[in-house]
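Asker: Take the sequence shown: its letters are residues 135 to 239, numbered as in the numbering used here. Where is the CB? At the ideal position from N, CA and C, for every residue including glycine. Note that the structure is predicted; figures quoted are calculated from it, not measured. Quick one: the structure is below, and I'll ask about it shortly.
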Amino acid sequence: MTMNKMVFLYITNESAKEAKKIVRHLLEKRMIGCANIFPVNAMYWWEGKIADETEVVLIAKTTKENFERVRDEIAKIHPFDTPCIIKLEADPNEKYLQWIKSELK
């Protein structure tokens, strides 16, 4: 059973360029198998006002065992003082999970 052996890391970024920089860094270190990057609209409280901004989300895919190592690496290289790094557990098909695992070191 593959339940919860894979995780997605949901990470917000200020630009696609910055998101790609983080993804490339993690891929080169073989910490993630792949990632998706897409623009989103974010609304949140900031300095007493509601902010309405465009951000870029990257979803990195790795194993549950790798999560803490990847999260710590992202925190080191992310430009935000308080980066959003959220773990989402996934239940992929076995073939996909095996491919992700084969790309990691």
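Compute the Euclidean distance between the alpha carbons of L143 and I166, then round it to the nearest angstrom.
Answerer: Sequence index remark: in the sequence shown, residue 143 carries index 9 (1-based). Sequence index remark: in the sequence shown, residue 166 carries index 32 (1-based). About 10 angstroms.
Asker: For D206, report the span of its alpha helix (DSSP H) as first-last.
Answerer: By one-based count along the sequence shown, residue 206 stands at place 72. Taken as a continuous stretch (DSSP letters only), the alpha helix (DSSP H) holding D206 covers F201 to I211.
Asker: DSSP three-state call for K151: helix, strand or coil?
Answerer: Position 17 of the sequence shown, counting from 1, holds the residue named residue 151. DSSP places K151 in helix when its eight states are reduced to three.
Asker: Roughly how many angstroms lie between the CA atoms of W180 and C218, to the nearest whole one?
Answerer: Residue 180 sits at position 46 when you count from the first residue of the sequence shown. Residue 218 sits at position 84 when you count from the first residue of the sequence shown. Approximately 15 angstroms between the Cα atoms of the pair.
Asker: So the alpha helix (DSSP H) I234 belongs to, where does it begin and stop?
Answerer: For the purposes of this step, residue 234 is taken as the residue at position 100 of the sequence shown. Its alpha helix (DSSP H) spans residues E228 to S236.
Asker: Would you call the CB atoms of I145 and V191 closer than 8 angstroms?
Answerer: Here residue 145 refers to the residue found at position 11 of the sequence shown. Here residue 191 refers to the residue found at position 57 of the sequence shown. Cβ distance < 8 angstroms, so I145 and V191 count as in contact.
Asker: Could you tell me which residues DSSP puts in a beta bridge with L161?
Answerer: Start at 1 with the first residue of the sequence shown, and residue 161 comes out as number 27. Partner(s): none; L161 has no beta bridge.
Asker: May I ask you to list the residues that DSSP assigns as paired with I219?
Answerer: Within the sequence shown, the letter at position 85 stands for residue 219. The partner list for I219 (beta bridge, DSSP) reads I145.
Asker: Distance, Cα to Cα, T197 vs I211?
Answerer: The count along the sequence shown starts at 1 and reaches residue 197 at position 63. The count along the sequence shown starts at 1 and reaches residue 211 at position 77. Computed Cα separation, rounded: 20 angstroms.
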